[in-house]
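Report on the following structure.
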Amino acid sequence: MKVFKNAWFGRFARKEEISAAALWDAVERAENDQIDADLGGGVIKQRIARSGESKSKGYRSIILFRKGKLSFFVYGFSKSELGNIREDEEAQFKKMAKYVLSLTDAQLSELVANGQFEEIVKNA
550 MKVFKNAWFG
560 RFARKEEISA
570 AALWDAVERA
580 ENDQIDADLG
590 GGVIKQRIAR
600 SGESKSKGYR
610 SIILFRKGKL
620 SFFVYGFSKS
630 ELGNIREDEE
640 AQFKKMAKYV
650 LSLTDAQLSE
660 LVANGQFEEI
670 VKNA
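Residue 590 in the numbering used here sits at position 41 of the sequence shown, and the numbers go up by one each step.
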């Protein structure tokens with residue numbers, strides 16, 4: 550399993566001080582079929598706990614997810630700031646998932662080299 554974040558999510562995670570371990574925890578729960586919301590088309594929503602608090606009071610993340618293969622954190626928000634994503638946003642995430650989850654290793658490496666995605670290293 551390889552886990553990545555896009556540039557937008559990277560800024561969000563830094564600002565909110567979300568650790569790599571917390572992101573890996575969200576992916577590992579999804580790998581174990583503990584998905585908070587399966588939006589279809591390779592898009593899931595997972596909760597991420599705030600430091601020192603429960604997941605229910607924390608963050609929501611949109612992940613482009615292919616079990617056993619790839620995960621891409623592409624959007625995040627605090628539950629207190631946004632109840633949910635809009636239908637048009639969900640449709641865009643599904644289009645993005647169709648594209649991103651079909652990338653070859655070479656294409657993905659190029660996107661990482663260009664700074665569009667960053668691999669999240671476990672235990673970093």
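Just so it is clear, CB atoms sit at the ideal spot from N, CA and C, and this is done for glycine as well. Just so you know, these numbers come straight off a predicted model, no measurement behind them.
- Message: Is it the case that the segment 634 to 645 contacts the segment 584 to 599, given that we only count it when at least three CB pairs across the two stretches are under 8 Å?
- Response: yes
- What does a CB cutoff of less than 8 Å around isoleucine 612 pick up in its chain, not counting 5 residues either side in sequence? Ala575, Val576, Ala579, Val592, Ile593, Lys594, Gln595, Ser620, Phe621, Phe622 and Val623
- For lysine 671 versus lysine 618, is the C-beta distance shorter than 9 Å? no
- Message: Would phenylalanine 553 and leucine 657 be called neighbours here (beta carbons separated by less than 9 Å)?
- Response: yes
- Task: Return helix, strand or coil for lysine 671, following the three-state DSSP convention.
- Result: coil
- Message: Using only the alpha-carbon positions, how far apart do arginine 609 and alanine 655 sit?
- Response: 30 Å
- Message: For aspartate 654, report the span of its beta strand (DSSP E) as first-last.
- Response: From DSSP, aspartate 654 is part of no beta strand (DSSP E) but of the alpha helix (DSSP H) over 654 to 662.
- Query: Roughly how many angstroms separate the alpha carbons of leucine 588 and glutamate 639, rounded to a whole number?
  - Reply: 8 Å
- Residues that DSSP places opposite phenylalanine 622 in a beta bridge: Lys554 and Ile612
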